[in-house]
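Everything in the sequence shown is counted per my numbering, starting at 39 for the first residue and increasing by one. For glycine and all other residues, C-beta sits at the position ideal for the given N, C-alpha and C. Bear in mind that the values here come from a model prediction, so they are computed numbers and not experimental data. Remarks on the structure that follows.
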Amino acid sequence: MGIKKTFIKNTSFNIMSYAYLVIAAIISIPVLVHALGIRAFGFYTLVISLGPILSVFDFGISQATIRFLALPDYDEKKKVKVWQTSYFFFALAGAALFLIVLALFQFYFFRLPISGIVTNKIALMFVVATTIFFSHINTHFLTLPQSKSRYDIYSLNAFIAGSTNTWIAALAALILPSILLIASVRLAGVLFTLLTMWLYSRRHYAAVTIPRFHPEAWREMISFGVRSFAGRVFSALEAYGLNFVLASYIALQAVTYFSIPQSLIIKAAGGISMLTLSLFPLSTSLLTKDGIFKLKKLIIWLQASVLSLGLLAVGVIFVFGKPLLLLWLRNPDLVEQAYPILQILSLQLFLTSLTPMPTAVFESMNLPQIPSFFALLTVLVEVLFIALLLPRFGVNGVAYAISGGAAITVPIFLFIFFDRFRKYEKSLAA
Numbered sequence: 039m040g041i042k043k044t045f046i047k048n049t050s051f052n053i054m055s056y057a058y059l060v061i062a063a064i065i066s067i068p069v070l071v072h073a074l075g076i077r078a079f080g081f082y083t084l085v086i087s088l089g090p091i092l093s094v095f096d097f098g099i100s101q102a103t104i105r106f107l108a109l110p111d112y113d114e115k116k117k118v119k120v121w122q123t124s125y126f127f128f129a130l131a132g133a134a135l136f137l138i139v140l141a142l143f144q145f146y147f148f149r150l151p152i153s154g155i156v157t158n159k160i161a162l163m164f165v166v167a168t169t170i171f172f173s174h175i176n177t178h179f180l181t182l183p184q185s186k187s188r189y190d191i192y193s194l195n196a197f198i199a200g201s202t203n204t205w206i207a208a209l210a211a212l213i214l215p216s217i218l219l220i221a222s223v224r225l226a227g228v229l230f231t232l233l234t235m236w237l238y239s240r241r242h243y244a245a246v247t248i249p250r251f252h253p254e255a256w257r258e259m260i261s262f263g264v265r266s267f268a269g270r271v272f273s274a275l276e277a278y279g280l281n282f283v284l285a286s287y288i289a290l291q292a293v294t295y296f297s298i299p300q301s302l303i304i305k306a307a308g309g310i311s312m313l314t315l316s317l318f319p320l321s322t323s324l325l326t327k328d329g330i331f332k333l334k335k336l337i338i339w340l341q342a343s344v345l346s347l348g349l350l351a352v353g354v355i356f357v358f359g360k361p362l363l364l365l366w367l368r369n370p371d372l373v374e375q376a377y378p379i380l381q382i383l384s385l386q387l388f389l390t391s392l393t394p395m396p397t398a399v400f401e402s403m404n405l406p407q408i409p410s411f412f413a414l415l416t417v418l419v420e421v422l423f424i425a426l427l428l429p430r431f432g433v434n435g436v437a438y439a440i441s442g443g444a445a446i447t448v449p450i451f452l453f454i455f456f457d458r459f460r461k462y463e464k465s466l467a468a
């Protein structure tokens with residue numbers, strides 16, 4: 039199968055699974071808000087934010103595993119060592135994160151004004167910690183279908199865990215509006231997904247699907263992974279850490295007001311970036327003298343498509359955003375708070391949707407430190423803006439800070455990418 043056909047096939051699986059997740063989330067969010075209430079939904083959002091934040095604490099090992107398993111000239115025995123070392127690391131890191139979650143509940147979550155929101159505190163704490171543990175191990179198993187470009191298998195994660203995180207959780211909330219019940223449903227989804235990916239992995243590593251530590255493999259993996267690690271941490275903190283700022287300095291209600299429009303922006307940006315998800319590790323195999331022209335054509339086509347979709351998304355927000363929010367949430371007071379935030383964040387949507395493709399190519403070029411640096415720079419600029427704007431504009435000030443940070447750093451990042459890619463292309467031609 040040709041490069042373009044392979045890319046289109048993999049992208050189609052990504053888009054279908056992501057579209058399913060978006061539709062499921064659109065259905066479930068208003069149900070959860072009405073079932074739990076605005077304060078309880080804010081606390082629930084805060085708790086589930088732990089998942090995406092802590093999932094990035096992998097020191098870039100997941101990306102390194104994908105890269106080494108995908109390299110065509112990499113020795114098969116070395117690939118086995120990479121696979122086993124990855125499993126060992128994620129099991130150990132998952133156990134550490136389990137303990138960290140317990141500490142966060144004891145010293146942060148239980149000190150928030152959650153009287154009347156959560157009754158079974160200890161049970162909730164252990165359910166969430168267990169979910170984080172198994173999610174981290176699942177990250178290891180998800181590297182295999184990505185490295186094999188089996189996005190039909192990889193997409194099962196979206197359909198299984200995505201279902202339990204959205205519409206099944208909403209059904210559970212209608213039966214019993216309990217955050218503990220919803221968290222338990224999410225845990226069941228993670229366990230079922232893990233079982234599915236483990237069964238798939240046995241088709242490739244039936245005799246070696248056990249965690250082992252190989253120092254030589256670890257050195258190669260960490261040397262690549264640690265350079266992309268910082269960027270993923272800061273990106274996750276940017277996306278989900280703000281909920282903790284709002285809960286600590288304003289109120290739990292503010293988390294709901296901000297998280298709903300933010301989730302729409304994240305889903306829209308994620309949908310657009312589905313076009314580029316299949317690019318890594320595909321671009322790794324195209325960074326050759328024979329393949330660079332194909333990669334260049336693919337990059338131009340992708341960025342033009344992403345630019346068009348980003349402009350369309352911003353237009354939809356400003357023209358149809360408010361009536362659609364009213365139709366969706368059926369809560370005029372909530373919409374009055376959320377819609378201005380959605381408008382402000384639309385600039386961030388447009389700009390950040392242009393970054394996944396350069397990031398994937400930088401990682402394929404063994405330059406993950408460049409996206410990491412700009413992720414750090416963006417967060418630092420945003421923190422400065424938040425300190426200036428939060429006291430004056432409240433929740434809206436946080437939205438201004440995020441869009442302002444992207445407006446400064448994204449254009450510089452894109453300029454450096456195209457300059458580096460042009461130089462790399464010339465070096466191959468020499």
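Any non-hydrogen atom of the ligand FAD closer than 8 Å to residue i Cβ
i: Val436; result: No copy of the ligand FAD occurs in the structure displayed, which carries no ligand at all.
Under the three-state DSSP convention, the category residue i falls into
i: Val156; result: coil
i: Leu150; result: coil
i: Gly75; result: coil
i: Val94; result: coil
i: Lys186; result: coil
i: His252; result: coil
i: Ser216; result: coil
i: Lys360; result: helix
i: Gly432; result: coil
i: Leu88; result: helix
i: Gly329; result: coil
i: Tyr112; result: coil
i: Leu392; result: coil
i: Asn404; result: coil
i: Ile337; result: helix
i: Ser193; result: coil
i: Ala274; result: helix
i: Arg265; result: helix
i: Ala289; result: coil
Distance, residue j Cα to residue i Cα
i: Val433; j: Ile248; result: 47 Å
i: Gln300; j: Leu383; result: 7 Å
i: Ile206; j: Ala108; result: 35 Å
i: Ala208; j: Val69; result: 6 Å
i: Gly75; j: Arg458; result: 50 Å
i: Gly308; j: Tyr56; result: 8 Å
i: Leu385; j: Ala445; result: 8 Å
i: Leu180; j: Asp113; result: 21 Å
i: Ala439; j: Ile298; result: 17 Å
i: Ala398; j: Asn404; result: 10 Å
i: Val71; j: Pro215; result: 10 Å
i: Gly348; j: Ser391; result: 7 Å
i: Ser222; j: Val165; result: 6 Å
i: Leu427; j: Phe400; result: 33 Å
i: Leu59; j: Lys334; result: 31 Å
i: Ser441; j: Ile337; result: 25 Å
i: Ile424; j: Gly80; result: 20 Å
i: Leu389; j: Val448; result: 6 Å
i: Ser50; j: Ser193; result: 10 Å
9 Å Cβ cutoff met for residue i and residue j
i: His178; j: Phe230; result: no
i: Phe136; j: Ile170; result: yes
i: Leu406; j: Gln101; result: The question names Leu, but residue 406 in the sequence shown is Pro. Yes. Within cutoff.
i: Ile217; j: Tyr295; result: no
i: Val514; j: Leu387; result: Only positions 39 to 468 of the chain appear in the structure, and residue 514 is not among them; the question remains open.
i: Met163; j: Phe145; result: no
i: Ile67; j: Trp339; result: no
i: Leu88; j: Leu290; result: no
i: Val293; j: Leu284; result: yes
i: Arg224; j: Asn203; result: yes
i: Ile155; j: Arg77; result: yes
i: Val354; j: Leu363; result: no
i: Ala274; j: Ile53; result: no
i: Gln122; j: His252; result: yes
i: Ala183; j: Tyr125; result: Here residue 183 is Pro; the residue named in the question, Ala, does not match the sequence. Contact: no.
i: Gln381; j: Phe412; result: no
i: Gly435; j: Ile260; result: no
i: Tyr82; j: Ile213; result: no
i: Thr103; j: Ser185; result: yes
Buried versus exposed, by CB contacts within 10 Å (16 or more), residue i
i: Tyr287; result: exposed
i: Pro409; result: buried
i: Thr257; result: Strictly speaking, residue 257 in this sequence is Arg, with Thr absent from that position. Per the 10 Å Cβ criterion, exposed.
i: Ile450; result: exposed
i: Ala133; result: exposed
i: Arg105; result: buried
i: Asp328; result: exposed
i: Arg460; result: exposed
i: Asn281; result: buried
Residue-chain proximity (residue i, chain C), Cβ-Cβ < 9 Å
i: Val433; result: Checking the listed chains, one finds no chain C in this structure; it contains a single protein chain.
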